[in-house]
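S.K.: I'd like to ask you about the structure that follows.
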Amino acid sequence: MYADANGWASGWTWSQRSECQYADNFLPNARLAAAAKAAGAQRFVYVGVSSEAEWGFGGPNPGLYTGKRSAALAALEEFGSQQFTYFGPARVVGSKENWRARAANSRFINGLRALVDVIGDWRSFGPDYTTKARRASAPAHSTGCPPRRHPSLGALQARAAGACHRPRSRHRWRCDRQGRG
Amino acid sequence: MLATDLALAIAGVATGRVEVEESVRRAGVTTFSQVRERDQYEIADTMRHVDGTEAIVALAREAQAAMEGAYAA
Chain E
64 MYADANGWAS
74 GWTWSQRSEC
84 QYADNFLPNA
94 RLAAAAKAAG
104 AQRFVYVGVS
114 SEAEWGFGGP
124 NPGLYTGKRS
134 AALAALEEFG
144 SQQFTYFGPA
154 RVVGSKENWR
164 ARAANSRFIN
174 GLRALVDVIG
184 DWRSFGPDYT
194 TKARRASAPA
204 HSTGCPPRRH
214 PSLGALQARA
224 AGACHRPRSR
234 HRWRCDRQGR
244 G
Chain D
-16 MLATDLALAI
-6 AGVATGRVEV
4 EESVRRAGVT
14 TFSQVRERDQ
24 YEIADTMRHV
34 DGTEAIVALA
44 REAQAAMEGA
54 YAA
């Protein structure tokens, strides 16, 4: 489970990680449903994720959740609405034994969750609010861009003249796309 | 332990001991690749689904009661 900006490559295109997550979650499950149907299975139970989890983490993990949903829809089509059941657990661990589950139920996290619920009304499509906020505020070097510095007077003059004060590199184009540099 | 409850609930559905009503599963907005924001759409899939930990645990209890009743009979 990731809650970072690496699920998207640029704009509205998935990253390699998201493409792999989609392939890992869609193809095997869709083939399994088709094979089960072909073998004569009468009912199909699919274990996916809770709608809340998909809502909250679908933005940073588009390939993962789209892959799970696509597989579920493929199985639903195979078996029909009366023979298909979708289970969406929020987590499959014991809350007392797992420290992450305990932390997720702590007062601090519950407070953050309440805040997210308030912010949720403002949530936009695609990369969610937290992802966009992280992109906007993340240190430049984490996105492959050189660290941001206050430009010198010479750099400002050069920029005004339409030239770049940094040597051209692979990163240069990416920084321009993000409005940096 | 949710893993046990999940297995029990699945067994209940698979064997027909318990039934799940069909309803709309809403899970935010799609996040397809190379699809712009305005072209994404709200997820609203109509299917028989059990959503969330509490619902699964409740179904597991129902399945457990149904199975115990069946064995007792």
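First to last, the protein sequences are chains E and D.
Position in the first sequence (from 1) plus 63 gives the number in my numbering.
Read in my numbering, the second sequence has -15 at position 2, and its numbers run on one by one without any break.
No residue lacks a Cβ here, since even glycine has one placed at the ideal position from N, Cα and C.
#1: Can you tell me whether E:Ser81 is helix, strand or coil according to DSSP?
#2: State buried or exposed for D:Ile26, treating a residue as buried only when at least 16 other CB atoms are found within 10 Å of its CB.
#3: Give the interface partners of D:Gln17 over in chain E, defined as CB-CB distance under 9 Å, in chain order.
#4: Kindly indicate which three-state DSSP category D:Glu37 falls into: helix, strand or coil?
#5: Under 8 Å, CB to CB, which of the residues in the region 134 to 150 of chain E have a partner in chain D?
#6: For chain E, check one thing: does any of its Cβ atoms lie closer than 8 Å to the Cβ of D:Glu5?
#7: Taking its Cβ as the centre, do 16 or more other Cβ atoms sit within 10 Å of D:Glu51, making it buried, or is it exposed?
#8: Starting from the Cα of D:Ala49, find the closest Cα among D:Ala(-14), D:Glu2, D:Leu(-11) and D:Thr(-13) and give me that residue.
#9: Nearest by alpha-carbon distance to E:Cys134: which of E:Gly70, E:Gly111 and E:Gly143 is it?
#10: Within 10 angstroms of its Cβ, does E:Glu141 collect 16 or more other Cβ (buried), or is it exposed?
#11: How far does the alpha helix (DSSP H) with E:Tyr128 in it reach, from first residue to last?
#12: Cβ closer than 9 Å: which chain E residues qualify as neighbours of D:Ala10?
#13: Assuming D:Arg0 and E:Ser114 form a contact by the criterion Cβ under 8 Å, report the distance between their Cβ atoms to the nearest whole angstrom.
#14: Touching or not, the region 75 to 90 of chain E and the region 119 to 129 of chain E, by the rule of three or more beta carbon pairs under 8 Å?
#15: If the cut is a Cβ gap below 8 Å, which residues of chain E does D:Ala(-3) touch?
#16: Where do the N-terminal and C-terminal ends of the alpha helix (DSSP H) with E:Phe147 fall, by residue?
M.R.: In short, the structure shows the following:
#1: Of the three classes helix, strand and coil, the one that applies to E:Ser81 here is helix, per DSSP.
#2: With 16 or more other Cβ atoms within 10 Å, it is buried.
#3: By Cβ distance, chain E contributes Gly74, Trp75, Thr76 and Trp77.
#4: D:Glu37 falls in the helix class under three-state DSSP.
#5: Against chain D - using a Cβ distance shorter than 8 Å - the residues of the region 134 to 150 of chain E are Ala135, Leu136, Leu139, Ser144, Gln145, Phe147, Thr148, Tyr149 and Phe150.
#6: Yes, D:Glu5 lies at the interface with chain E (some Cβ there is under 8 Å from its Cβ).
#7: Note on D:Glu51: under 16 other CB atoms within 10 angstroms of its CB, so exposed under the neighbour-count rule.
#8: Considering only alpha carbons, the answer is D:Glu2.
#9: As written in the sequence, residue 134 of chain E is Ala, which differs from the Cys given in the question. Of the candidates E:Gly70, E:Gly111 and E:Gly143, the residue whose Cα lies closest to the Cα of E:Ala134 is E:Gly111.
#10: Counting Cβ neighbours within 10 Å, E:Glu141 comes out buried, since at least 16 surround it.
#11: E:Tyr128: member of the alpha helix (DSSP H) spanning Pro125 to Phe142, first to last residue.
#12: Chain-order list of chain E residues neighbouring D:Ala10: Val112, Ser113, Ser114, Glu115, Ala116, Glu117, Trp118, Gly121, Tyr128, Arg132 and Gly151, by C-beta distance under 9 Å.
#13: The distance from the Cβ of D:Arg0 to that of E:Ser114 is about 25 Å, inconsistent with a contact at the 8 Å cut-off.
#14: Short answer: they touch.
#15: Within 8 Å of the CB of D:Ala(-3), the CB atoms of chain E belong to Arg106 and Val108, in sequence order along the chain.
#16: Residue range Phe147 to Gly151 is occupied by the beta strand (DSSP E) that includes E:Phe147, with no alpha helix (DSSP H) assigned at that position.
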